[in-house]
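Everything below concerns the one structure shown next.
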Amino acid sequence: MHSIVNAIKRGTVSGLLTLLFSPMASAHFMVAQHGTLNFVGDGVYMVLSLPMSAFNVEDMDGNGALSMVEFNSQRASVVAMLRRGINLQDTRGAIYLDGLMLAPELDHESSKENISQLIVIRRYSLAESVGELQFSTNLFGESSDEKLLKIRASKKS
């Protein structure tokens, strides 16, 4: 009897965990064409969700989808486009970039393995008070809903 009760408890716990985490497994890290700039201490943390159509990447196998293998083989080119296409500057010029991370997101509406969005995570170093900052990008997608990028900025002490 004791083993039956334990089995039911394990089943209930695993069922609850499945219910809790299943939506997260298919959820996007960030809404497409949205971003954040978080000012914390001497740094700015940026997270952007950009459409893959904003990048000049090749569908190497011609199947109409960008796979993880295709993305990884062209990663250096994507990084170069990001470095040229996203800028944070003050009156003195460009702000130094401390780090860059990329998180490709699969299209959940496609039956093929297709990367539709690229989450870009960057840290900029603000060595001293720089006054007014300007953020700019030229990385927009091809479709009309990919022509707008909504960014929220916040400052934490």
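Residue numbers (this note's numbering): 814 to 970.
Cβ coordinates follow ideal geometry from the N, Cα and C atoms, glycine included.
Buried or exposed (CB count within 10 angstroms, at least 16 for buried), residue i
i, result
"residue 951", "exposed"
"residue 846", "buried"
"residue 914", "exposed"
"residue 909", "exposed"
"residue 930", "buried"
"residue 965", "exposed"
"residue 961", "exposed"
"residue 862", "buried"
"residue 843", "buried"
"residue 906", "exposed"
"residue 875", "exposed"
Residues sharing a beta bridge with residue i, DSSP
i, result
"residue 947", "902"
"residue 878", "Residue 878 pairs with nothing; no bridge assigned."
"residue 853", "856, 969"
"residue 936", "858, 912"
"residue 919", "928"
"residue 963", "847"
"residue 907", "902"
"residue 863", "931"
Supposed contact pair residue j and residue i - C-beta distance, whole angstroms, cut 8 Å
i, j, result
"residue 939", "residue 855", "5 Å"
"residue 864", "residue 945", "Not a contact, Cβ separation roughly 29 Å."
"residue 954", "residue 867", "5 Å"
"residue 852", "residue 967", "7 Å"
Nonlocal neighbours in the same chain, by C-beta distance under 6 Å from residue i, ignoring five residues either side
i, result
"residue 978", "With the chain covering 814 to 970 only, the question about residue 978 has no answer from this structure."
"residue 894", "868"
"residue 917", "884, 928, 931"
"residue 969", "853"
"residue 827", "Note that residue 827 scores 43 on pLDDT, short of 50, meaning its location in the model is unreliable and no value can be drawn from it."
Cut-off 7 Å between Cβ atoms - residues of its own chain near residue i, not counting five sequence neighbours on either side
i, result
"residue 834", "In this prediction, residue 834 has a pLDDT of 39, which is less than 50 and means its spatial position is unreliable; what the coordinates show is noted afterwards. Around residue 834: no qualifying Cβ."
"residue 998", "The structure shown has nothing for residue 998, since the chain only spans 814 to 970."
"residue 903", "943, 944, 945, 946"
"residue 941", "none"
Cβ-based neighbour list, residue i, same chain, cut-off 8 Å, excluding 5 preceding and 5 following
i, result
"residue 926", "878, 880, 881, 919"
"residue 870", "879, 883, 884, 887, 890, 891"
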